[in-house]
Structure formats: C-alpha cells, structure tokens
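>
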Amino acid sequence: MGNKVLTVCPYCGSGCQMHLLVEDGKVVGAEPADGRTNEGNLCLKGHYGWDFLNDPQILTARLRKPMIRKEGVLREVSWEEAIQFTAEKLTAIKEKYGPDAIMGTGSARGPGNEANYVMQKFMRAVIGTNNIDHCARVCHGPSVAGLTYSLGDGAMSNSIPEIEDTDLLFIFGYNAAVTHPIVARRIVRAKQKGATIIVSDPRKTESARIADTWLPLKGGTNMALVNAFGHVLIEEDLFDKEYTANYVEGFEEYKASVKKYTPEYAESITGVKANDIRKVMRQYAKSNKAMILYGMGVCQFAQAVDVVKGLASLALLTGHFGRSGVGIGPVRGQNNVQGSCDMGALPNVYPGYQSVTDPKIRKKFEKAWGVTLPEKTGYHLTEIPHLVLKEDKVKAYYIFGEDPVQSDPNAAEVRETLEKMEFVIVQDIFMNKTALHADVVLPATSWGEHEGVYSSADRGFQRIRKAIDPPGEVKPDWQIISEVATAMGYPMSYRNTEEIWDEMRALCPKFSGASYKKMEEQGGVQWPCPSEDHPGTPYLYEGNRFSTLNGKGRLFACEWRAPLEQPDQEYPLTLSTVREVGHYSVRTMTGNCRALSQLSDEPGNIQISPGDASSLGIEDGHLVSIISRRGKIVARAQISDRVKTGATYMTYHFWIGACNELTGDALDPVSKTPEYKYCAIRLEKI
Ligand code: SF4
1 MGNKVLTVCP YCGSGCQMHL LVEDGKVVGA EPADGRTNEG NLCLKGHYGW DFLNDPQILT
61 ARLRKPMIRK EGVLREVSWE EAIQFTAEKL TAIKEKYGPD AIMGTGSARG PGNEANYVMQ
121 KFMRAVIGTN NIDHCARVCH GPSVAGLTYS LGDGAMSNSI PEIEDTDLLF IFGYNAAVTH
181 PIVARRIVRA KQKGATIIVS DPRKTESARI ADTWLPLKGG TNMALVNAFG HVLIEEDLFD
241 KEYTANYVEG FEEYKASVKK YTPEYAESIT GVKANDIRKV MRQYAKSNKA MILYGMGVCQ
301 FAQAVDVVKG LASLALLTGH FGRSGVGIGP VRGQNNVQGS CDMGALPNVY PGYQSVTDPK
361 IRKKFEKAWG VTLPEKTGYH LTEIPHLVLK EDKVKAYYIF GEDPVQSDPN AAEVRETLEK
421 MEFVIVQDIF MNKTALHADV VLPATSWGEH EGVYSSADRG FQRIRKAIDP PGEVKPDWQI
481 ISEVATAMGY PMSYRNTEEI WDEMRALCPK FSGASYKKME EQGGVQWPCP SEDHPGTPYL
541 YEGNRFSTLN GKGRLFACEW RAPLEQPDQE YPLTLSTVRE VGHYSVRTMT GNCRALSQLS
601 DEPGNIQISP GDASSLGIED GHLVSIISRR GKIVARAQIS DRVKTGATYM TYHFWIGACN
661 ELTGDALDPV SKTPEYKYCA IRLEKI
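Okay, so the sequence shown: first residue is 1 according to the UniProt record's numbering, each after it adds one.
(1) Do the region 124-144 and the region 241-260 touch if we need at least three Cβ pairs shorter than 8 Å?
(2) Quick check: is any heavy atom of the ligand SF4 less than 6 Å from the C-beta of Gly591?
(3) Measuring from each Cβ to the nearest heavy atom of the ligand SF4, keep the ones under 5 Å and list them in chain order.
(4) How would you write the range of the beta strand (DSSP E) that Thr651 sits in, first residue to last?
(5) Are the CB atoms of Pro181 and Cys299 within a distance shorter than 7 Å?
(6) Do Ser157 and Ile292 have their C-beta atoms closer together than 7 Å?
(7) In terms of residue numbering, what span does the beta strand (DSSP E) encompassing Gln462 cover?
(8) What's the C-alpha gap between Thr548 and Gly152?
(9) When the Cβ atoms of the region 119-136 are set against those of the region 99-107, are three or more pairs found closer than 8 Å?
(10) Just verifying my parser: in three-state terms, what is the DSSP assignment at Pro330?
(11) Can you tell me which of the three DSSP states His180 falls into?
(12) May I ask you to verify whether the region 12-32 touches the region 453-471, counting CB pairs closer than 8 Å and requiring at least 3?
(13) Would Ile425 pass as a contact of Val440 if the rule is Cβ separation under 7 Å?
(14) Please classify Ala177 as buried or exposed, where buried requires at least 16 neighbouring CB atoms within 10 angstroms.
(15) When the Cα atoms are used, what is the spatial distance from Lys510 to Asp502?
(16) To which residues of the same chain is Asp408 closer than 6 Å at the C-beta, ignoring the five residues directly before and after it?
(17) Should residue 688 go down as buried or exposed, given a rule of 16 or more other Cβ atoms within 10 Å for buried?
(18) So which of Ala557, Arg323 and Thr497 has the shortest CA-CA distance to Asp167?
(19) Report yes if the CB atom of Pro351 is closer than 7 Å to the CB atom of Cys508, and no otherwise.
(20) First and last residue of the beta strand (DSSP E) that includes Glu31?
(21) May I have the straight-line CA-CA distance separating Arg682 from Leu662, to the nearest angstrom?
(22) Starting from Gln303 and walking both ways along the beta strand (DSSP E), at which residues does that stretch end?
(23) What's the gap between the Cα of Leu387 and the Cα of Val394?
(24) Are the beta-carbon atoms of Asn116 and Ala485 separated by less than 7 Å?
(25) For Glu422 and Val28, what's the separation of their Cα atoms in angstroms?
(26) Ser609 to Ser576, Cα distance in whole Å?
(27) Going by Cα to Cα distance, which pick from Ala637, Phe321 and Asn335 is closest to Gly543?
(28) Is Arg323 helix, strand or coil when you go by DSSP?
(29) Can you grab the Cα-Cα spacing for the pair Leu667 / Pro404, in whole Å?
(30) Just to confirm before moving on: does the CB-CB distance between Thr377 and Asn348 stay below 7 Å?
(31) Could you say which of Glu236, Glu114, Ala302 and Val308 lies nearest to Lys286 if we only look at CA atoms?
(32) Enumerate in chain order the residues of its own chain whose CB-to-CB distance from Met589 is below 6 Å, with the five nearest sequence positions on each side excluded.
(33) Among residues of its own chain, excluding the 5 on either side of Leu596, which ones have a beta-carbon nearer than 8 Å to its beta-carbon?
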C-alpha cells in the first residue's frame with residue numbers, strides 16, 4: 001500500500017511543495033501540492049528529480065559507509081573509527097596551528113536549516129573559529145552584502161506570488177525559465193494580466209523573448225546602465241521627492257555620482273540605446289507597482305555588490321517598497337541557499353543575521369553554547385585557495401554538501417588547494433569530484449530521508465519530511481556533526497531536528513515565532529516572525545521603515561569598472577557560465593535521475609554566435625577546444641542567434657566539458673564572489 005509524503009522540492013529557491021509517492025519503501029513518483037509559491041504546479045525537476053533516491057548509479061554511486069584514506073586509497077570503515085579519526089585529526093590541527101587553520105562549509109542543498117545551524121555551531125563553539133561559509137559566496141553573496149547595506153535585510157523584500165500582481169517587472173540578469181521555472185510561470189502570468197516586462201540581459205533569454213523591451217547590454221557593464229537609470233530618474237524629475245525626503249538618505253551624493261552617466265554616455269559603454277534607457281525608466285517610475293527581479297547576471301561579476309546597491313537605489317528613489325507587488329527580489333538559486341544564510345553559515349553573522357563582531361550578541365551566543373566565541377570575522381570560501389597556496393594559513397577543510405572542484409572557479413587551483421591541505425573531510429550523499437581529494441568521506445542522508453526546514457527565496461520557512469529510510473549506514477548530517485563535536489569533547493545530544501530548530505529560534509528574534517507547529521498549521525512561515533502570535537511577513541518594510549540602524553534606505557552609486565580579464569588577441573572571446581533547466585548544480589542528483597539524465601547528457605555544449613562560428617569555420621555540433629589562461633576543455637559547439645558576437649556561454653553542470661576549468665578567480669572586493677560571468681577564452685576547431 002503506497003502513501004504520500006508532503007515535502008518541498010530540493011532543486012531551487014522557488015520552494016515548491018510536493019508529495020513524494022512511496023510504495024514498498026521506495027519513492028516511485030511525485031505530485032505537485034498546493035504550496036504558497038507553486039499553487040499545484042511543479043517544473044520538470046520537481047516531477048522527475050526524485051529518482052536519485054533509488055540510486056540508479058547512472059553517473060555515480062550513493063555513499064553508504066564512511067571511508068578513510070589509507071595508503072592512498074579510500075577504504076570503508078566503521079562509524080566509530082571514522083568519527084574518532086576525524087575528531088583526533090581536527091583536534092591535532094587546532095592545537096598545532098590554532099582554530100583559524102580549519103575551514104568549514106554549510107550546505108545550501110538537501111541537508112536543511114537544522115544541519116546548517118549545527119555545522120556553524122560546530123565551527124564556532126567546538127573549533128573556535130568563524131571560518132564557516134557556503135555556496136552563497138559564489139552566487140547571492142552580493143545580495144546579502146548589498147541589500148543589507150541599502151535596506152537592512154539581505155533578502156527578497158516581497159513574495160513570489162506577488163510577482164504576477166505587479167504593473168511592471170524589471171528583470172535584470174535573470175533567466176527564470178531555466179533557473180526557477182515556477183517563478184517564470186508567474187512572470188508569464190504577470191504579462192497576461194497586462195504587466196510591462198523589461199529585461200536587461202546580454203543574451204536573448206526566454207524572458208527577453210517575452211519582454212516588451214529587451215536591453216541587450218554588453219557583458220560586464222551593469223553598473224554603467226544602473227547609474228544611467230538613476231541619472232534619468234533625477235534629471236527628468238521622475239523620482240518620488242516626498243518618499244526620498246522622508247525615508248531615504250544619501251540623495252546629494254547619489255545625484256553627484258550619477259551625473260556623468262547620461263543615457264548617451266551609458267550607451268557608449270553598454271551598447272543599450274539611450275532612448276531605451278530613458279523609456280524604461282519613465283515606465284518604471286510611473287508604474288504604481290513595479291518590482292525588480294535579478295539573478296546571477298548581477299551577482300557573478302567583480303562589481304556585483306555595487307550593482308545590487310544601485311538596483312535597490314532605483315526602487316528607493318521611486319518609492320517601490322513597503323507594499324505588495326513592489327520591491328526587489330534576488331531570486332536565490334539553490335533550494336536552501338536562503339536558509340543556509342538564515343542559519344549563519346556565513347563568516348560574519350550568527351544565525352538570524354546577528355553580527356559576530358557585536359559584543360552583546362556574542363555574549364548571548366556564548367551563554368547559550370557555554371563557550372568563549374571568536375571575535376573576528378572568518379574567512380570567505382573563495383579566499384581559501386589563496387590562503388592555502390600563497391599564505392599557508394588553512395590546513396583542514398570540512399566540506400559539507402558542496403563540491404568545489406566542480407562548482408568553484410579555476411578548478412585546477414581548487415584541486416591543488418585540496419591536495420596541499422593536511423586534512424580534508426567530505427560529507428555528502430554521492431561520491432563527487434571533491435571526494436576524490438578527501439581523507440575522510442562521511443555518508444549522509446539525502447532530502448527525502450530526513451526531516452527539517454528549508455527557506456524559500458522569499459524568506460519562507462517550510463517543512464521537509466522523511467519519506468523513506470536511507471540506504472546502508474548513512475546518518476543525518478546534524479547527527480554526524482554532533483558525533484564529531486562530542487568526540488572532540490563538546491557533547492551535542494540533539495534527539496531530533498525540532499530540538500535544534502527550537503534552540504535556534506530562542507537565539508534569533510527574527511525567527512522566534514516560526515515554530516514547527518505554525519509551519520504545519522499555515523503551510524509555512526515567512527520571516528520576520530518575531531513572536532508566537534505573529535503569522536509571518538509576506539513583504540518587508542511596511543510603513544517604509546527599513547531595517548537599517550536609523551530606519552532609512554541608503555542610496556548608492558559609484559563609477560563603473562570593467563571586468564578584470566578582458567579579451568585580447570590570444571583570447572578574443574568572452575565566456576559566461578549559465579544553467580540549463582533539466583539539471584541542478586553539480587548534477588550528482590539530477591544526473592542520477594533516469595528521466596532527467598536522458599534529456600541531456602555529457603558533455604556540456606558551448607553556445608556561440610553565428611558570426612563567430614562562421615569566422616572560425618565552426619559548424620553546429622563540431623567538437624571544439626576551449627582554452628583560457630587557466631585550462632582547456634572540449635565541448636560541442638551550439639550555434640545560437642540568441643548570443644552576441646564575441647560572447648560564449650556554457651552550463652557548469654557537466655563533468656566532461658567542465659567550464660570551471662576555464663573560469664577566473666577575480667572576486668568582488670566586498671562579497672568575494674567570483675566573476676563567473678566573464679573571462680577571456682579562445683576556440684579551436686578539433
Ligand atoms: Fe523544484 Fe524549483 Fe522546479 Fe519548483 S521551480 S519544482 S522548486 S526546481
């Protein structure tokens with residue numbers, strides 16, 4: 001007899017609720033549920049992305065037992081041996097080099113918020129360092145930094161359902177059709193209901209194809225375009241003077257900074273027609289309700305934080321906050337990247353975005369956890385190669401639910417970094433590329449095999465539930481981390497995820513009313529939810545009071561900077577990494593689903609413009625070598641008239657044709673997010 005288990009899709013921040021269909025202890029299908037964000041709909045990955053739970057071993061096998069590297073080979077061992085070995089090695093490294101020689105990650109993927117809470121607590125209370133970070137660093141790190149500066153909260157101001165009830169959608173560097181199909185559905189509905197759609201993207205994406213106005217800017221020129229928008233708002237007197245005077249600060253500095261960015265000057269940098277710049281800002285300013293949505297086309301540049309602040313400034317100048325159907329939306333990519341940030345898997349904040357450098361906050365956590373906590377901010381994940389290879393500062397890495405060899409830029413440098421370290425722990429569900437460099441591999445339960453909470457991109461806590469028993473001897477992530485902590489002399493004895501969640505809530509005013517019970521009753525809770533009788537918050541900044549120290553929104557503009565690595569004679573084209581709809585992240589999950597793996601398989605393609613293909617003598621389907629200053633890979637050419645001359649695009653999911661062998665490690669100076677969207681390459685026909 002089968003049963004249905006209500007849970008949340010593990011693949012993107014849309015947070016779609018679904019039922020897993022279980023028969024004889026196996027998942028045999030999925031059905032959409034009537035969740036707040038998806039209202040009875042799922043995309044391809046939601047419908048077919050559960051099959052990896054059955055371990056079909058298409059791409060790689062599920063980890064079932066812990067392993068330790070002995071004489072160069074990973075060998076299966078008992079849990080007792082693995083935990084003891086891990087605890088002894090970490091203790092020895094901590095004693096020899098100090099706690100800051102150890103780095104840990106959270107995981108924005110399947111483990112859930114409770115496991116992230118336990119991991120950051122382990123790094124802070126047991127190891128004694130704030131060296132905890134996760135893959136938000138390589139995606140929406142600039143949103144957290146930029147929006148916190150401008151508005152006070154580093155998250156989506158409004159809700160996913162509101163997307164279809166606005167008058168104008170301004171979509172910037174964001175291809176929802178591929179990354180968040182259920183959000184894309186809302187965008188289409190908004191259009192059907194009469195909303196104006198403006199898309200700024202170098203590539204003619206699916207969103208651009210339905211746009212009323214497409215602004216095909218040159219890659220790497222976002223800041224110049226955003227400055228020009230601000231210029232038009234001020235020069236044409238389109239900004240809301242009363243709103244700006246009452247709720248916003250920094251107007252005079254902002255006005256001076258954008259003065260030189262006339263639409264004509266911006267056209268000379270961005271290639272976007274001056275008249276289009278004027279037209280879209282008139283439309284944006286005059287709309288009663290207008291919403292900005294953005295994605296990796298903003299965040300994965302070395303000037304990302306500035307652009308996030310610049311986009312928030314446009315909404316501040318026009319009073320598009322504090323109501324339904326307005327605001328700014330960084331649409332988080334991985335299913336729980338919002339949650340990993342919420343839980344403090346970041347080097348500068350405890351759970352609930354509470355600063356590690358604030359003595360009062362630190363004291364609160366010290367009292368709760370019974371330890372003395374470190375005072376200084378920890379390392380960023382993207383700094384680790386430099387800190388290992390150049391400064392010899394980091395000796396051990398506890399990698400939990402991430403695969404940096406596949407997902408981080410400059411893969412050769414990441415491999416060299418891992419090889420140089422004294423001790424690498426990989427805790428995951430599959431044998432991924434990073435695990436090949438591990439000293440210890442700890443097998444964890446997957447989504448579908450454990451309980452917990454995910455946060456959707458619009459701050460929505462929702463329960464995930466166990467549908468089936470895990471294979472082999474695997475254990476939940478929070479339990480593994482707790483056992484290592486206990487073996488290191490800091491007992492952690494949680495009995496279930498609700499106990500962890502309640503400990504977290506007691507320490508985080510923003511989340512304190514979001515109990516499991518309330519999530520069950522309401523289907524989910526959007527933070528802030530400061531008390532037991534609070535229902536949660538669909539949109540932030542009601543009454544136009546921002547979460548900054550003085551309650552005002554902060555305007556920001558600065559000079560545009562060109563991307564660091566420019567094309568030249570040797571490397572004449574640019575490469576940008578993108579995603580495809582049927583696959584997720586490093587593909588260990590979707591690549592091990594029979595239906596999804598049949599849709600597209602190795603290797604990844606390189607999208608190239610017809611003009612460049614013709615001048616290089618490349619035809620559609622030709623194998624080409626793709627070469628950058630850091631590496632060389634092979635992929636098939638896919639000629640596309642959606643791509644500008646001089647630009648190329650590759651998806652980063654694939655093991656063969658792994659484009660992060662090519663990408664550079666230029667970082668945004670504030671968020672330390674890599675410039676995945678722009679590096680120089682050349683193509684050679686094979
Ligand atoms: Fe899952 Fe995202 Fe698709 Fe929804 S839109 S079903 S959350 S992958």
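Where is the CB? At the ideal position from N, CA and C, for every residue including glycine.
Looking at the atomic coordinates:
(1) Counting C-beta pairs with one atom in each stretch, the region 124-144 and the region 241-260 have fewer than three that are closer than 8 Å, which means they do not touch.
(2) Counted from its first residue, the sequence shown places residue 591 at position 591. No, the beta carbon of Gly591 sits no closer than 6 Å to any heavy atom of the ligand SF4.
(3) Counting every residue whose Cβ lies closer than 5 Å to a heavy atom of the ligand SF4, we get Cys9, Tyr11, Cys12, Ser14, Cys16, Leu42, Cys43, Lys45, Gly46, Pro181 and Ile182.
(4) One-based indexing of the sequence shown puts residue 651 at position 651. Segment Ala647 to Thr651, the beta strand (DSSP E) holding Thr651.
(5) Here residue 299 corresponds to residue number 299 of the sequence shown, with the count starting at 1. Here residue 181 corresponds to residue number 181 of the sequence shown, with the count starting at 1. Result no, Cβ atoms of Cys299 and Pro181 do not sit closer than 7 Å.
(6) For this step, residue 157 is matched to residue 157 along the sequence shown. For this step, residue 292 is matched to residue 292 along the sequence shown. No, the pair does not count as a contact, with Cβ atoms beyond the cut-off.
(7) Start at 1 with the first residue of the sequence shown, and residue 462 comes out as number 462. Gly460 to Ile464 is the span of the beta strand (DSSP E), which, as asked, contains Gln462.
(8) As a position in the sequence shown, residue 548 is number 548, starting the count at 1. As a position in the sequence shown, residue 152 is number 152, starting the count at 1. Their Cα atoms are separated by approximately 4 Å.
(9) In this structure the region 119-136 touches the region 99-107; the number of beta carbon pairs closer than 8 Å is three or more.
(10) Along the sequence shown, one-based indexing puts residue 330 at 330. Residue state, collapsed to three classes: strand.
(11) For the purposes of this step, residue 180 is taken as residue 180 along the sequence shown, with counting starting at 1. Coil at His180, not helix or strand.
(12) Contact holds between the region 12-32 and the region 453-471, because three or more Cβ pairs, one in each stretch, are under 8 Å apart.
(13) Working through the sequence shown from its first residue, we reach residue 425 at position 425. Working through the sequence shown from its first residue, we reach residue 440 at position 440. Result yes, Cβ atoms of Ile425 and Val440 sit closer than 7 Å.
(14) By 1-based counting over the sequence shown, the position of residue 177 is 177. With 16 or more Cβ atoms within 10 Å of its Cβ, Ala177 is classed as buried.
(15) To locate residue 510, count along the sequence shown from 1; it is residue 510. To locate residue 502, count along the sequence shown from 1; it is residue 502. A straight line joining the alpha-carbon of Lys510 with that of Asp502 spans about 13 Å.
(16) Walking along the sequence shown from the start, residue 408 turns up at place 408. Excluding five sequence positions before and after Asp408, the CB atoms of its chain that fall closer than 6 Å to its own CB belong to Val414, given in chain order.
(17) The structure shown has nothing for residue 688, since the chain only spans 1 to 686.
(18) Position 167 of the sequence shown, counted from the first residue, corresponds to residue 167. Of Ala557, Arg323 and Thr497, the smallest CA-CA separation from Asp167 is found for Arg323.
(19) As a working mapping, residue 351 is identified with position 351 in the sequence shown. As a working mapping, residue 508 is identified with position 508 in the sequence shown. Yes, they are a contact pair.
(20) Translated into positions along the sequence shown, residue 31 becomes position 31. For Glu31, the enclosing beta strand (DSSP E) covers residues Lys26 to Pro32.
(21) Taking the first residue of the sequence shown as 1, we reach residue 682 at position 682. Taking the first residue of the sequence shown as 1, we reach residue 662 at position 662. Going by the C-alpha atoms only, they are around 11 Å apart.
(22) In the sequence shown, the residue the question calls residue 303 occupies position 303. No beta strand (DSSP E) holds Gln303; DSSP gives it neither H nor E.
(23) By 1-based counting over the sequence shown, the position of residue 387 is 387. By 1-based counting over the sequence shown, the position of residue 394 is 394. C-alpha separation (whole angstroms): 6 Å.
(24) On the sequence shown, residue 116 is found 116 positions in, with the first residue counted as 1. On the sequence shown, residue 485 is found 485 positions in, with the first residue counted as 1. Against a cut-off of 7 Å, the Cβ pair of Ala485 and Asn116 comes out as no contact.
(25) Residue mapping note: residue 422 aligns to position 422 of the sequence shown, counting from 1. Residue mapping note: residue 28 aligns to position 28 of the sequence shown, counting from 1. Approximately 43 Å, taken between the alpha carbons.
(26) The residue labelled residue 609 in the question sits at position 609 within the sequence shown. The residue labelled residue 576 in the question sits at position 576 within the sequence shown. Distance between the alpha carbons of Ser609 and Ser576 is about 13 Å.
(27) For the purposes of this step, residue 543 is taken as the residue at position 543 of the sequence shown. Measuring from the Cα of Gly543, the nearest candidate turns out to be Phe321.
(28) Residue numbering aside, residue 323 sits at position 323 when the sequence shown is read from its first letter. Coil, per DSSP.
(29) Mapped onto the sequence shown, residue 667 falls at position 667. Mapped onto the sequence shown, residue 404 falls at position 404. Taking the straight line joining both Cα atoms gives about 16 Å.
(30) Start at 1 with the first residue of the sequence shown, and residue 377 comes out as number 377. Start at 1 with the first residue of the sequence shown, and residue 348 comes out as number 348. Contact: yes.
(31) Against the sequence shown, residue 286 aligns to sequence position 286. Out of Glu236, Glu114, Ala302 and Val308, Glu236 has the C-alpha closest to the C-alpha of Lys286.
(32) Numbered from 1 along the sequence shown, position 589 holds the residue referred to as residue 589. Exclusion of the five residues before and after Met589 leaves Phe52 as the residues of its chain whose Cβ lies within less than 6 Å of its Cβ.
(33) Here the question's residue 596 lines up with position 596 in the sequence shown. Leu44, Lys45, Tyr48, Gly49, Asp51, Gly582, His583 and Thr590, listed in sequence order.
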